[in-house]
Amino acid sequence: MVTGTVTCIKHASDASKDRYFAVCVADNSLGIQTCMCRSTTTLELGSVFEAELDAGTLSNVAYSASSVDMAAAVRDAVGRGVAEKVQEVGIPDLDGITLAMSSQINSAAMLIAGKVMTGAPVIIRYHNDADGSSGAYGIYKCIQGMIAANRLCQPNIIWMMQRGISYSDADAECDLLILNGYESAERPLIIGIDFGTSTDSDAGIDRICGAADVVWLDHHPIEEKAHVLNSKIYVNPWLCKGNSNYTAGFLACQVGKMLYAADLACIEDASLIGDNSTFALKSACGKNMAAMLDLLTSDKAIAFGSRTTGLVPSEIDAVVTNKQKADELSAYAESRMREYLDAGQKLAKRHGYGDVTIYSLDFKNLSTDDSDVRYPLPGRYSSHLLNRLAGGDSEAVLLLYFGRYISIRITPSVSNEINLRGIIREIVDSTDYAESGGGHNNAASIKLKDELFRKEVIAMIIGGVTAALAQ
Ligand SMILES: [Mn+2]
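The sequence shown runs 10 to 480 under the working numbering.
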């Protein structure tokens, strides 16, 4: 016999099927236990009941006169379950930024724990690169650890890989449709990992804020008027004496470890490697993980045979914990990347400027016979190609273009001399054929309304870069 409170109801998409209830069971021996239970008896949100709970199904349900203060029970469980202090990883400059953000990291973890424990719907969106997906995978491992340690059942978490670095009006509409399937005592939660702090997300954020709490874990330079800054919890190293080198995936891992102290060292390093961070340790396991995440997020069909749905962390876990499959995929990724880098090195055009070499390349010239395979993807390939072209310590700029997109990569020492985001902002504001643009100071992109304008825009970027270098 259990006593519980209905804290979330999930409506089955087929009305003839049973409704599902997330139930917080308060019991002296179990503490707080959240379960998605099936019940043939209709229960109301907030009602307190007694019932038999067997294999996820409630039977002999009876409303209970005893009142369970679920809010207090959740506060108590969250308070006991979430660590108070952030963990250090042993890289002093990186740890210093984590410590500076520790109160926000703790607040984010407390909020997530409360939602997870009461079964409220949580939508976690993450950028589809090694950084964003390592953040999702890190949080996933910690939530799984927390569930096991606290004997919770599977919470209502929806994982969504995000193409691009903004939260659009259409994204908000999609999330609202998902949330419509739930009634929950706690407000639903949307978590954004690694997709920018720009006004491009304003419409989506404005729309979702009325229905859900938002936690935003980012490391992109901040556009001051971006509405996402008003999220329930907004965390960004740029606000705490850090910069883009402190990656969003690494940040998400720090939030995760407050929920459960999983060993995320390889995942954290993969996040730093994926975004070319100066903090990257480049450990063997980190490099493997980064290459694997790059491959899986580029084209999940390579590992799973189909790409009809986005990649989710449980799929990442299934691959990385299967040594044979992981080795096979690593070897494939490495040889294919090498082939593309060899070709890119040969075909890139050079525009010398003093000590700095500016390279440009049309990604189309690299495509091979099996053009159905989406690995490597151009944006991420451009980072690898710049590393190859610059070969260690030389200074270089790379413009890689593909269709309407131009991806710009700059080696760290030169990026301090060039206000890349300023150049892009100027082009977007002063022309009517650049649709959008942004990113980091050493890695950014610009999207045109039509490929026709590409030549002109490339000339404008090279003009802006050389003008900055001449100063
Ligand atoms: Mn990132």
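Where a beta carbon is used, it is the ideal one built from N, C-alpha and C, also for glycine. Since we're looking at a predicted model, the values are computed, not measured.
So the candidates are the options; which of them puts its Cα closest to the Cα of residue i?
i      : options                           : result
Leu302 : Ser286, Leu52, Glu460 and Ile276  : Ile276
Tyr243 : Asn252, Tyr255, Asn254 and His228 : His228
Asp326 : Ser344, Thr317, Ser112 and Ala312 : Ala312
Cys17  : Thr317, Pro101, Leu54 and Ser112  : Leu54
Asp102 : Asn252, Lys241 and Glu343         : Asn252
Glu232 : Gly213, Asp209 and Ile214         : Asp209
Ser280 : Ala270, Phe259, Cys294 and Ser292 : Phe259
Leu356 : Leu338, Asp364, Leu375 and Arg345 : Leu375
Ala139 : Lys373, Asp438, Tyr442 and Leu320 : Leu320
Pro130 : Val437, Asn297 and Lys19          : Lys19
Arg196 : Leu161, Arg216 and Lys124         : Lys124
Ala257 : Asp284, Leu238 and Lys234         : Asp284
Taking C-beta to C-beta, are residue i and residue j nearer than 8 Å?
i      : j      : result
Leu290 : Asp278 : yes
Cys262 : Gly141 : no
Ala405 : Thr366 : yes
Gly265 : Asp203 : no
Gln171 : Tyr149 : no
Gly128 : Asn159 : no
Arg434 : Ala453 : no
Cys249 : Ala92  : no
Thr206 : Asn245 : yes
Ile132 : Met169 : yes
Ser422 : Leu407 : no
Gly481 : Leu478 : Examination of residue 481 is not possible in this model, given that the chain is present from 10 through 480 alone.
Ile167 : Leu268 : no
Ile417 : Ile470 : yes
Residue i lies in the alpha helix (DSSP H); which residues open and close that run?
i      : result
Arg3   : The structure shown has nothing for residue 3, since the chain only spans 10 to 480.
Met169 : Per DSSP, Met169 belongs to no alpha helix (DSSP H); it is in the beta strand (DSSP E), Ile166 to Gln171.
Cys151 : Ala139 to Ala158
Glu344 : Correcting the residue identity first, residue 344 is Ser in this sequence and not Glu. Lys332 to Leu356 is the extent of the alpha helix (DSSP H) around Ser344.
His393 : Pro387 to Ala399
Cys162 : Note, Cys162: premise wrong, no alpha helix (DSSP H); not H, not E.
Gly433 : Here the sequence assigns Ile to residue 433, which means Gly is not the residue at that position. Residues Leu429 to Ser439.
According to the neighbour-count rule (16 or more other Cβ atoms, all chains shown, within 10 Å of its Cβ), is residue i buried or exposed?
i      : result
Asn37  : For Asn37, the predicted structure reports a pLDDT of 48, less than 50, and the residue's modelled location is therefore unreliable. A value from the coordinates is still provided. Exposed, since its Cβ has fewer than 16 Cβ neighbours within 10 Å.
Ala60  : buried
Ser424 : buried
Leu186 : exposed
Arg359 : exposed
Ser403 : exposed
Glu465 : exposed
Gln113 : buried
Ala21  : exposed
With residue i as the anchor, note down where its beta strand (DSSP E) starts and where it stops.
i      : result
Phe204 : Where Phe204 is concerned, there is no enclosing beta strand (DSSP E), given that its DSSP letter is neither H nor E.
Ala452 : Ala452 to Leu457
Asn69  : Thr66 to Tyr72
Ser193 : Tyr191 to Ser193
Phe58  : Val57 to Asp63
Ala443 : Ala443 to Gly448
Next on the checklist: Would the stretch 344–364 count as touching the stretch 395–408 if we require 3 or more Cβ pairs under 8 Å?
Outcome noted: yes
Checklist entry - How do the stretch 403–413 and the stretch 449–459 stand: do at least 3 beta-carbon pairs fall below 8 Å, yes or no? => result Judged by pairs of C-beta atoms under 8 Å, the stretch 403–413 touches the stretch 449–459, as three or more such pairs exist.
Next on the checklist: Whether or not the stretch 11–19 and the stretch 52–70 are in contact is what I'm after, with contact meaning three or more pairs of Cβ atoms, one per stretch, closer than 8 Å; do they touch?
Outcome noted: Yes, they touch.
Item to check | Cβ contact check for the stretch 114–131 and the stretch 86–96: 3 or more pairs under 8 Å | outcome: yes
Item to check | the stretch 375–389 / the stretch 293–301 touching (three or more Cβ pairs under 8 Å) | outcome: With the cut-off at 8 Å, the stretch 375–389 and the stretch 293–301 do not touch.
Next on the checklist: Any contact between the stretch 214–222 and the stretch 174–186? By contact I mean 3 or more CB pairs, one from each, below 8 Å.
Outcome noted: A contact exists between the stretch 214–222 and the stretch 174–186.
Checklist entry - Taking a cut-off of 5 Å, which residues have a beta-carbon closer than that to any heavy atom of ligand 3, in chain order? => result Absent from the structure shown: ligand 3. Ligands present: ligand 1.
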